[in-house]
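Q: Heads up: the sequence lines are chains A and B, in that order. Quick note, the first sequence lines up with residues 2 to 337 if you use this note's numbering. Quick note, the second sequence lines up with residues 7 to 573 if you use this note's numbering. Don't be surprised by glycine CBs; every beta carbon is placed ideally from N, CA and C. First the structure, then my questions, so here it is.
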Amino acid sequence: MGVWQTYRLRLQRQRWQIRAFRKRRDLSPVIDRTGAIRRDDILLFCTQRNERIRLPFFLKYYRDLGVNHFLIVDNHSSDGSVDYLRDQEDVSLWHTAAGYKRARFGVDWLNWLQRKHGHRHWCLTVDPDEFLIYPFCDTRPLRALTDWLDASSIKSFSAMLLDMYPKGRLDAQPYKEGQDPFEIARWFDSGNYTLKKNKRYGNLWIQGGPRSRVFFPGTPAKAPALNKIPLVKWDRKYTYVSSTHMLLPRGLNQTYDEWGGEKASGVLLHAKFLDTFSAKAAEELDRKQHYAASVEYRAYTESLKDDPDLWCKWSEKYINWRQLEILGLMSKGNWA
Amino acid sequence: MSGSVGIVMLVHTALHRAEQVARHWRAAGCPVVIHVDKKVPQGTFARFKAALSDDPGVLFSPRRRCEWGTWGIVAATQAAAGLMLDRFDEVRHVYLASGSCLPLRPVPELVDYLAARPQTDFIESATTADVPWTVGGLDEERFTLRFPFSWKRQRRLFDLYVEVQRRIGYKRRIPAGLVPHMGSQWWCLTRQTLSAILEDPRRKTYERYFRRVWIPDESYFQTLARKYSINIESRSLTLSKFDFQGKPHIFYDDHLQLLRRSDCFVARKIWPRADRLYKAFLTDSGGAMKRTEPNPGKIDRIFAKAVERRTRGRPGLYMQSRFPNPGWENGLTATPYSVFQGFTELFEGFEGWLARTTGARVHGHLFAPERVEFAGDQEVINGALSDSAAHRDYEPAAFLTNLIWNTRGERQCFQFGPRDNQKINWTITRDPNAQISVITGAWAVPLFRSNSNFADLRKQAAKLQRIENRQLDILRASRAKARVRIWNMAEFVEAPMEPLQTILGELGSAAPRHLNEAPKMVDLTGFGQFLQNLKNQGMHPYLMGDFPVNHDPVTQTKPARKPYLVR
């Protein structure tokens, strides 16, 4: 990569930082407990809108992994999630009524909060329907992973998005508050993913899975990106560029080995396809606040009319991280 | 009295764990000298020291700054070991440990073990030529170059200075009488050897030399012990596994069973928050170890595998943290597979026959333009790979590597031809896992039998011939790594059984040594005339070889005779 390219990426990074700085005005604190954050705490950053029903399990899941503090931006919810989050001792909450799209799908808001509170912390950035799985997550807390990453001088950890779905109609089993969503959506596609390298940012671009298979049968190029780098030892110089798909400086995107070996990686189990999905898809299409003119949501509502079954004969039933490791969706790397 | 083994502990983090371990050593009567890194804040150190002040058997040596790979660690060890020998007269062996070491077997066992070997020094010590574990390509150069810069903080200067010295051919003189040896930092030396090293009249000279050696903690004592020891046992009593970057593997709670079976006295390094390990080995170390048969090899295997996973990876796997550059795949695909071109055209029911004979999974044309022809006409196959041509053509190579990865353990065969997506050619041609068998020109058989408009046939034939010819260029390229076999149709039709037998023989144990059932060849009567007609129309079919107009292959005119094979 030439000097010119490096310089342009730096300019771009600074532009996103300035933008995040301006967008801070969108945010008004509901409750700010960030004073309680200690030096080594693991922080979780999240934007949410009307996800009240998911929040209890979400918070519990990440507390159990060892997240110490949650920094959440509420995008004008109307379902009582603000009241719920306000009462959680380890949550700091900001509210905004501004457009999700204008804040580049929430990235600007979180970039600002990360810059302000994330410096020198391990920061996990996920949506309320994303659940991190990493090697040995059933026996070792998240802190074991971050300590090991620190000792190995690794600054970013990738976890590809794995779409989980139920067998049969999406609305056949309603999701109940506090329930593990993967009791319902416990199936996934194990081996139909394609990878491409993004020369400019150095990240991998991963597509495939059930969304590509069912919603984009003739146009796989339009299927959503599944590559994610949610866990980063944050520095105030860093910014996410587009969702958590890629970061700047671009070295942080180098979460894969190019010489035949495997680096350690995890998976974000995606609990998107529950009974709540149809309503969400219709609402989001109405709001037009999603990526690429909501092409994804248009495809969903189009297909959902026929009530598709994402499940197929070769769907894999989720057991544990070791299964995902054997299937080649994630890797232990040299962590043993 | 078991004060005959003294423990020198180097501590820099997790002081509460170090305190626990120190008390464990003390409970067995071993004196302990602790060195705490100067990087630890004064207040923290003071609290730590105060906590252990009730025990006269625990001493603290003067604090120094210990940076990885530099002299500080050796100097700290020297001082602490000196203090140990000075203050505890009954000590016969000094054991060097770190704050994150954990004694696995009961301490009295270690004491007895050493008492039974009063003259033996346990220190891993090998000459540079004989060790594989150097990192960064510096083995002998550790001893012949100078390393004034920190590898961790001043990497660029470090690399630059090494490069400069290499360029100008600089070489340090190794002090007379020394033969550089290296090995694990964690040793256990006798009073005799250790005091000889510390009281050596030339110690100053050696120190001056080792100060500028890279990673002296792995070579200072290892080299000098060779000079004085009566009896060196070149191994470390501390179980310590290193990964490919040269940093130690860490043990967690889930390694409990593994450590129980390790049969080692001390393990490092332990994650400070591994509560179960500390609890198991510090409160009831006898009980922790005794219940199981020792199996130290298992630890070796697990960590060796981890290093291999990191450096070599799983062949044929492309995923979020393994995306090799071209040429670095270490296996383009996961397992061997076979590609057949022209066989279904020439033999009736070839796919079924092949599946029956070999037990392999036989697909149709996976790269057909309309859809992916999976075996059994399935719409989706292993891994939820769909039959959509659009998906396949989005990334043909990924489609193939996915298919082979998803079905590993079961041999895959598929048909190919000039009608199919040709973008995959280069991938399979350079894949050593691919067995490619081509009967050239066989694409003309369906045309010959199709009975459609001759002008169209002529156009089609010309197109297919052009495509296949280009494909053959790729298959015959010098960079081809696949096992490629090419026959023209005429020679194949002459003697079809021998090539078939060869191909199947390679398919492995599933294939029978004798063919009981041969596939039935299509009726080629009139094929020579058909080719002649193409010629007459100005198209020149040449890939199928020579088919005389009036000479139809004899064997084909007598159908339904069971072929016999004589071997």
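Is the beta carbon of residue 110/A less than 9 Å from the beta carbon of residue 97/A?
A: Yes.
Q: Considering residue 229/B, what are the terminal residues of the alpha helix (DSSP H) in which it resides?
A: Looking at the DSSP string, the run of the alpha helix (DSSP H) that includes residue 229/B is 226 to 234.
Q: Count the other CB atoms, across all protein chains shown, that sit within 10 Å of the CB of residue 565/B; report buried if there are 16 or more and exposed otherwise.
A: Any reading at residue 565/B must be qualified, since the residue scores a pLDDT of 45, below 50, and its modelled position is unreliable; no value is offered.
Q: Should residue 325/A and residue 54/A be called a contact, given that it needs their Cβ atoms to be closer than 9 Å?
A: Contact: no.
Q: Secondary structure at residue 247/B, three-state DSSP: helix, strand or coil?
A: It is coil, neither helix nor strand.
Q: Per DSSP, what are the beta-bridge partners of residue 206/A in this structure?
A: DSSP, once it has assigned bridges, lists 197/A as partnering residue 206/A.
Q: Do the region 273 to 281 of chain A and the region 171 to 184 of chain A meet, that is, are 3 or more Cβ pairs less than 8 Å apart?
A: Enough Cβ pairs lie closer than 8 Å, so yes.
Q: Alpha carbon to alpha carbon, what distance is there between residue 39/B and residue 150/A?
A: Spanning the two alpha carbons is a distance of roughly 31 Å.
Q: Check the Cβ-Cβ distances between residue 438/B and every residue of chain A, and say whether any is below 9 Å.
A: Residue 438/B does not count as touching chain A.
Q: At 3 residues or longer, what runs of the beta strand (DSSP E) sit wholly inside the region 8 to 87 of chain B?
A: Here the runs fully enclosed are 11 to 17, 38 to 42, 64 to 66.
Q: Could you work out which residue in 24/B, 312/B, 320/B is closest to residue 66/B when comparing CA atoms only?
A: Selected option, being the one with the closest Cα: 24/B.
Q: In chain order, which alpha helix (DSSP H) runs of at least 4 residues are fully inside the region 66 to 151 of chain A?
A: With a minimum length of 4 residues, the continuous alpha helix (DSSP H) runs that stay inside the region 66 to 151 of chain A are 82 to 87, 108 to 114.
Q: Per DSSP, what kind of secondary structure is residue 371/B in: helix, strand or coil?
A: Strand at residue 371/B.
Q: Does any CB atom of chain B fall closer than 9 Å to the CB of residue 47/A?
A: Closer than 9 Å: no.
Q: Short of 6 Å in beta carbon distance, which residues of its chain neighbour residue 7/B, apart from the five on each side in sequence? Order them along the chain.
A: At residue 7/B, the pLDDT of 44 sits below 50, so the modelled position is not reliable; the number obtained from the coordinates is stated separately. Contacts found: none.
Q: Are any of the Cβ atoms in chain A nearer than 9 Å to that of residue 319/B?
A: It does; some Cβ of chain A falls within 9 Å.
Q: Please tell me whether residue 207/A has its Cβ less than 9 Å away from any Cβ of chain B.
A: Closer than 9 Å: yes.
Q: Look at the alpha carbon of residue 74/B and the alpha carbon of residue 300/A, and state the distance between them as a whole number of angstroms.
A: Near 56 Å, if we compare the C-alpha coordinates of residue 300/A and residue 74/B.
Q: Can you name, in chain order, every residue of its own chain whose Cβ lies under 7 Å from the Cβ of residue 563/B, other than the five neighbours on each side?
A: Any reading at residue 563/B needs caution, since the residue's pLDDT is 43, under 50, leaving its predicted position unreliable; the model's value is listed next. Same-chain partners within the cutoff: 531.
Q: Quick one: grab the DSSP three-state call for residue 177/A.
A: Coil.
Q: Just list the residues that DSSP pairs residue 493/B with in beta bridges.
A: DSSP, once it has assigned bridges, lists 445/B as partnering residue 493/B.
Q: If we define contact as Cβ-Cβ less than 9 Å, is residue 198/A a contact residue for chain B?
A: At least one chain B Cβ lies under 9 Å of residue 198/A.
Q: DSSP three-state label for residue 99/B, please.
A: In the structure shown, residue 99/B sits in a strand (DSSP, three-state: E or B).
Q: Compare the C-beta of residue 163/B with all C-beta atoms of chain A and state if any pair is closer than 9 Å.
A: Residue 163/B does not count as touching chain A.
Q: What are the boundary residues of the alpha helix (DSSP H) that includes residue 271/B?
A: Neither: residue 271/B is in no alpha helix (DSSP H) and is coded neither H nor E.
Q: Is the separation between the beta-carbon of residue 330/B and that of residue 259/A shorter than 9 Å?
A: It is a contact, given that the beta carbons lie within the stated cut-off.
Q: Can you give me the C-alpha to C-alpha distance between residue 128/B and residue 22/B, rounded to a whole angstrom?
A: Roughly 28 Å between the two C-alpha positions.
Q: Our contact map puts residue 148/B next to residue 225/B with C-beta atoms below 8 Å; I'd like the distance itself, whole angstroms only.
A: With a Cβ gap of about 7 Å, residue 148/B and residue 225/B count as contacting.
Q: Expressed to the nearest angstrom, what Euclidean distance is found between the alpha-carbon atoms of residue 131/A and residue 76/A?
A: Using only the alpha carbons, I get a separation of about 18 Å.
Q: Should residue 205/B be labelled buried (16 or more other beta-carbon atoms within 10 Å of its own) or exposed?
A: Residue 205/B is exposed by the Cβ-count criterion.
Q: Would you mind sorting residue 348/B into buried or exposed? The rule is 16 or more other CB atoms within 10 Å of its CB.
A: Looking at its Cβ environment, which holds 16 or more other Cβ atoms inside 10 Å, residue 348/B is buried.
Q: Compute the Euclidean distance between the alpha carbons of residue 381/A and residue 65/A, then round it to the nearest angstrom.
A: The question about residue 381/A has no answer, for chain A in this structure spans 2 to 337.
Q: Any idea what DSSP makes of residue 553/B, helix, strand or coil?
A: If DSSP states are grouped into helix, strand and coil, residue 553/B belongs with coil.
Q: Under the three-state reduction of DSSP, which class applies to residue 418/B: helix, strand or coil?
A: Reduced to three states, the DSSP call for residue 418/B is strand.
Q: Is residue 328/A helix, strand or coil when you go by DSSP?
A: Coil.
Q: So, helix, strand or coil for residue 523/B, using DSSP?
A: Residue 523/B: coil per DSSP, three-state reduction.
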